[in-house]
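The sequence shown runs contiguously to residue 357 in UniProt numbering.
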Amino acid sequence: MTTSFYDWTPGEWPVYGHVWASRLLQRALRADPAGEDGSRLSHAYLFLGPPRIGKTTFARAFASALLCQDLVRAPCHRCRACRLMASDSHPDFRLFQPVIKADKELVVDRQKGELRAEQAEALIRDVSLRPMESGRKVILIQDIHLANATFANKILKTLEEPPPHVTLLVTARDRAEVLPTIVSRCQVIELRPLDQTVIADALQRGWGASPTEAELLARLAGGRLGWAVEQVRDPALREERMHHLETLWRLLAADRLERLRFAGELAAQRDNQRLFAMLEIWMSWWRDVLLAQMSQSEACSNIDQTHQILHHARSIASGAVREYLSTLKQVEGYLRHTVNTRLALDVLMLKLPRLEA
């Protein structure tokens, strides 16, 4: 179940949370409703935040407000422009995403793809054309940190001084990953992690989650509504979480040989997305064990596994827990910056605390 288009009232942005950011941009829209004098609206915005926090959803909501025909209650969710945006068919809105080349075709891939030179050329052509439906054209560039050098250099002039009818919206994970020449040409808006209560409420209202499921996912999400929504929509992801936890519990009692065998199997899979998901789940687990050791179990994330958390908290020294949390963070860093996956995973396995069966 997804939130229906008409669940939102006129003037309400179709996003959960990030109220401060939407109010900031609403004030800019009211100061310059037609987008003609540039008194408050910037020509380019850079939305920053960790993956799945809602950057693209927020940018699309802003695009809807920019293109809405109701200048007072934008987005109104009723006009032709809002309906076109809701159906991903507005001719004055363009989305550029990282791609890979497969069988001579460009295929969207936000894990392994990049923003390429031919996309920059298409973007430049697009901004030179007048809008078809409204007085404004909105271009959304997703994951600018994945742009190759040619793409980044080609769009600099457009980012600095686009035509008056164009607003450019850009998303990225972190300011440090974006070229300073791109950052300096944009108004930067850093989206913050959402409160657990906001995420739990959104999951129940917008995606039909039960209160128990919503609370668990809100705690696990780390402020990222997009992550929680993926979990609701895809039960296989929740099964994968339990698989990773059960693997961890098994390895705690395993000998050195079995641990190294697991490291080899994991490295051979060459699936970084699944590997980083496992590391995230393991980190959340050890944080919970440490919280339980500090008599703060009420702050734990894995609340469906409280009994097991308490068992590990009693059985493993807190010093070993802290040390392994540090190891997990170090290994994650190694894996993001080195090709020697097997060596990093061997370290991860050899430093894993031992729990006698």
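For every residue, glycine included, the Cβ atom is placed at its ideal position computed from N, Cα and C.
Assign residue i to buried or exposed, taking buried as 16 or more other Cβ atoms, counted over all protein chains shown, within 10 Å of its Cβ.
i      : result
Arg270 : exposed
Trp13  : buried
Pro98  : buried
Asp103 : exposed
Trp207 : buried
Val107 : exposed
Leu24  : exposed
Thr9   : exposed
Glu215 : buried
What's the C-alpha gap between residue i and residue j?
i      : j      : result
Arg342 : Pro163 : 50 Å
His243 : Gln305 : 13 Å
Arg27  : Val72  : 11 Å
Leu115 : Ile141 : 9 Å
Gly17  : Ala86  : 19 Å
Glu213 : Gln308 : 19 Å
Glu105 : Lys351 : 44 Å
Lys55  : Leu266 : 31 Å
His337 : Lys137 : 38 Å
Glu121 : Val127 : 10 Å
Pro50  : Ala172 : 8 Å
Gly11  : Asp88  : 20 Å
His43  : Val170 : 11 Å
Val19  : Arg205 : 17 Å
Ser284 : Ala152 : 36 Å
Arg175 : His145 : 9 Å
Trp282 : His311 : 16 Å
Ser184 : Val15  : 27 Å
Lys112 : Leu275 : 14 Å
Pro30  : Ile189 : Checking the sequence, you will find Arg at residue 30 rather than Pro. So the alpha carbons of these two residues sit roughly 18 Å apart.
Ala63  : Thr57  : 10 Å
Asn302 : Asp288 : 7 Å
Which residues mark the beginning and the end of the alpha helix (DSSP H) in which residue i is found?
i      : result
Arg274 : 272-293
Gln204 : 196-207
Arg314 : 306-315
Val229 : 225-233
Gln187 : Note, Gln187: premise wrong, no alpha helix (DSSP H); beta strand (DSSP E) at 187-190.
Lys55  : 55-67
Checking 8 Å against the spacing of the C-beta atoms, do residue i and residue j come in under that value?
i      : j      : result
Pro180 : Gly223 : no
Glu240 : Ala268 : no
Gln293 : Ala313 : yes
Leu252 : Arg354 : yes
Ala202 : Lys154 : no
Ala65  : Pro75  : yes
Arg96  : Gln119 : It is Phe, not Arg, that sits at residue 96 in the sequence shown. Closer than 8 Å, so yes.
Asp143 : Arg110 : yes
Arg225 : Ala21  : Looking at the sequence itself, residue 225 is Leu, so the reference to Arg does not match. No, the pair does not count as a contact, with Cβ atoms beyond the cut-off.
Met349 : Leu257 : no
Leu290 : Ser315 : no
Leu46  : Cys186 : yes
Provide the residue span of the beta strand (DSSP E) that contains residue i, from first to last.
i      : result
Lys154 : Unbroken run through Lys154 is the alpha helix (DSSP H), 149-160; no beta strand (DSSP E).
Ala105 : Residue identity differs from the one stated: residue 105 is Glu in this sequence, not Ala. Here the beta strand (DSSP E) through Glu105 covers 105-108.
Lys112 : Taken as a continuous stretch (DSSP letters only), Lys112 belongs to no beta strand (DSSP E), as it is neither H nor E.
Ile100 : 99-102
Quick one: is the Cβ of residue i within less than 7 Å of any heavy atom of the ligand SAH?
i      : result
Thr212 : Of the ligands one can find in the structure shown there are none, so the ligand SAH has no counterpart to examine.
Legend entry - Stretch pair the region 194-208 + the region 162-177: three plus CB contacts closer than 8 Å: no
Inset, instruction - May I ask you to verify whether the region 225-236 touches the region 318-332, counting CB pairs closer than 8 Å and requiring at least 3? - result: no
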